[in-house]
Each structure stands twice: as structure tokens, then as C-alpha cells.
Amino acid sequence: MPLPATHDLHISGSINGHEFDLEGSGKGNAKEGYQELHLKSNRGDLSFSPWILVPNIGYGYYQYLPSPGG
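So in our numbering, spot 64 of the sequence shown is number 64, and the numbers just go up one at a time.
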């Protein structure tokens, strides 16, 4: 079964009491180990740096991580 080449994302929550709600879509390539994601906030501008969310978003898609065969 091939891995999906595209994905949709809806992530919401709060960081230190600042609520957020993001939606978007993206694509990736497991053989090259990359993903691309475009998100939009449903609640206006974020009141914190979006870089805070990068680890959660980036590590959430294991199908795009390169791994050795075997």
C-alpha cells in the first residue's frame, strides 16, 4: 500500500492560555524525507510565535520521515 502524498490538518488547542485553531493541507515525499504544509488560523492572528508549534506539526507525520530499509 503506497503512502499518502497529501494530507489535511486541523489542529487546535491552547498554549499558556492562548487558544488557537489552525486548518490547512500539505504534501510530502517519504523517499526524500520532506513535507510541505500550508496552514491558516481560523481565529485571526496568533498571539504567540508559530515556531512553537513546529515540533508538534513536523513530527506528527511519520510517513514522511526517511528510515533505513530492513
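Each residue gets a CB set at the ideal place from its N, CA and C atoms; glycine is no exception. Small disclaimer: the values here were computed from a predicted structure and weren't measured.
Item to check | 8 Å Cβ shell around S41 - same chain, five flanking residues per side excluded | outcome: Position 41 of the sequence shown, counted from the first residue, corresponds to residue 41. Excluding sequence neighbours, S41 sits near F20, D21, L22.
Checklist entry - When the Cα atoms are used, what is the spatial distance from H18 to N29? => result Counting from one through the sequence shown, the residue named residue 18 turns up at place 18. Counting from one through the sequence shown, the residue named residue 29 turns up at place 29. Using only the alpha carbons, I get a separation of about 33 Å.
Checklist entry - Quick one: what's F20 bridged to in DSSP? => result On the sequence shown, position 20 is the one that residue 20 refers to. Beta-bridge pairing links F20 to G13.
Next on the checklist: Can you check which of these residues, T6, P4, H10, is closest to R43 by C-alpha distance?
Outcome noted: Taking the sequence shown and counting its residues from 1, the one referred to as residue 43 is at position 43. Ranking T6, P4, H10 by Cα distance to R43 puts H10 first.
Checklist entry - How big is the Cα-Cα spacing for D8 and N16? => result The residue labelled residue 8 in the question sits at position 8 within the sequence shown. The residue labelled residue 16 in the question sits at position 16 within the sequence shown. Cα-Cα distance, rounded: 26 Å.
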